[in-house]
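**Q**
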Amino acid sequence: MRRTITGFHQDDGGEWVAELSCLHGQHVRHRPPFQVRSWVRSEDGRAGRAGTELDCPLCDRAELPAGLRVSRTAGPFDAATVPAGLRNAHRVPEGTWGLLRVIEGSASIVIETDPPLAARLDAGDAQPIPPGVPHAVSVEGPVRLTVEFLVRE
Ligand SMILES: [Zn+2]
Numbered sequence: 014m015r016r017t018i019t020g021f022h023q024d025d026g027g028e029w030v031a032e033l034s035c036l037h038g039q040h041v042r043h044r045p046p047f048q049v050r051s052w053v054r055s056e057d058g059r060a061g062r063a064g065t066e067l068d069c070p071l072c073d074r075a076e077l078p079a080g081l082r083v084s085r086t087a088g089p090f091d092a093a094t095v096p097a098g099l100r101n102a103h104r105v106p107e108g109t110w111g112l113l114r115v116i117e118g119s120a121s122i123v124i125e126t127d128p129p130l131a132a133r134l135d136a137g138d139a140q141p142i143p144p145g146v147p148h149a150v151s152v153e154g155p156v157r158l159t160v161e162f163l164v165r166e
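Count along the sequence shown from 1, then add 13; that gives the number in my numbering.
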């Protein structure tokens, strides 16, 4: 899915990494003739790309970015107390990842990534939920689950 470039930093090897609104980083290398991005070498060039978009395959795979911390935990909920908002298609705010954790029983989640991701979680399983992407949780039978919200440290 498309994500907005919010800034840049250099990795340990001096390669430029675009920082995306989803909290993922993505290398933007200038390696002609395969990858022509001479703009990445200049401050003006990078500044000109801030606010534009890149495709983020890590979001479509719902891979949790590195270096996040838990800002808040919702729950635990059981089958009777799972909020309606979690059962219907809803979104985690921009700049925040969700992490659905099943403590007991099982739950299912559908996330509208591209392609959509459907997972069944049993006790001990956790499923990252990318920011801004509709998702819906369903439960059958007894369950205990929490949702953690993670932000950049
Ligand atoms: Zn991403």
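Built from N, CA and C at the ideal position, the CB exists for glycine as well. This one's a predicted model, so the numbers in the text were calculated from it and none came from an experiment.
So for residue 98, helix, strand or coil by DSSP?
**A** Residue 98: helix per DSSP, three-state reduction.
**Q** Is it buried or exposed, residue 40, if we count other Cβ atoms within 10 angstroms and call 16 or more buried?
**A** By the 10 Å Cβ count, residue 40 comes out exposed.
**Q** At a threshold of 7 Å, does residue 71 count as lining ligand 1 (C-beta to nearest heavy atom)?
**A** Answer for residue 71: yes, Cβ within range of ligand 1.
**Q** For residue 22, does the count of other Cβ atoms within 10 angstroms reach 16, so buried, or fall short, so exposed?
**A** Counting Cβ neighbours within 10 Å, residue 22 comes out exposed, since fewer than 16 surround it.
**Q** In its own chain, which residues sit with a C-beta less than 6 Å from the C-beta of residue 72, not counting the 5 before and 5 after it?
**A** Excluding residues within five positions, the ones whose Cβ falls inside 6 Å are 14, 35, 143.
**Q** Which ranges would you report for the alpha helix (DSSP H) in the stretch 64–129 if only whole runs of at least 4 residues count?
**A** Qualifying alpha helix (DSSP H) stretches, in chain order: 70–73, 97–100.
**Q** With DSSP as the reference, please indicate the residues paired to residue 26 in a beta bridge.
**A** In DSSP, residue 26 forms no bridge with anything.
**Q** DSSP beta-bridge partners for residue 17?
**A** DSSP, once it has assigned bridges, lists 66 as partnering residue 17.
**Q** Measuring only from the beta carbon, is residue 133 closer than 7 Å to any heavy atom that is part of ligand 1?
**A** No, the beta carbon of residue 133 sits no closer than 7 Å to any heavy atom of ligand 1.
**Q** In whole angstroms, what separates the C-alpha of residue 155 from that of residue 51?
**A** The alpha-carbon atoms of residue 155 and residue 51 are separated by roughly 56 Å.
**Q** Are the beta-carbon atoms belonging to residue 30 and residue 100 less than 8 Å from one another?
**A** Not closer than 8 Å, so no.
**Q** Quick one, are the C-beta atoms of residue 163 and residue 130 less than 8 Å apart?
**A** No, Cβ-Cβ distance for residue 163 and residue 130 is not below 8 Å.
**Q** Can you tell me which of the three DSSP states residue 55 falls into?
**A** Note: residue 55 maps to coil in three-state DSSP.
**Q** Tell me whether the beta-carbon of residue 147 lies closer than 8 Å to the beta-carbon of residue 104.
**A** A contact, by the Cβ cut-off of 8 Å.
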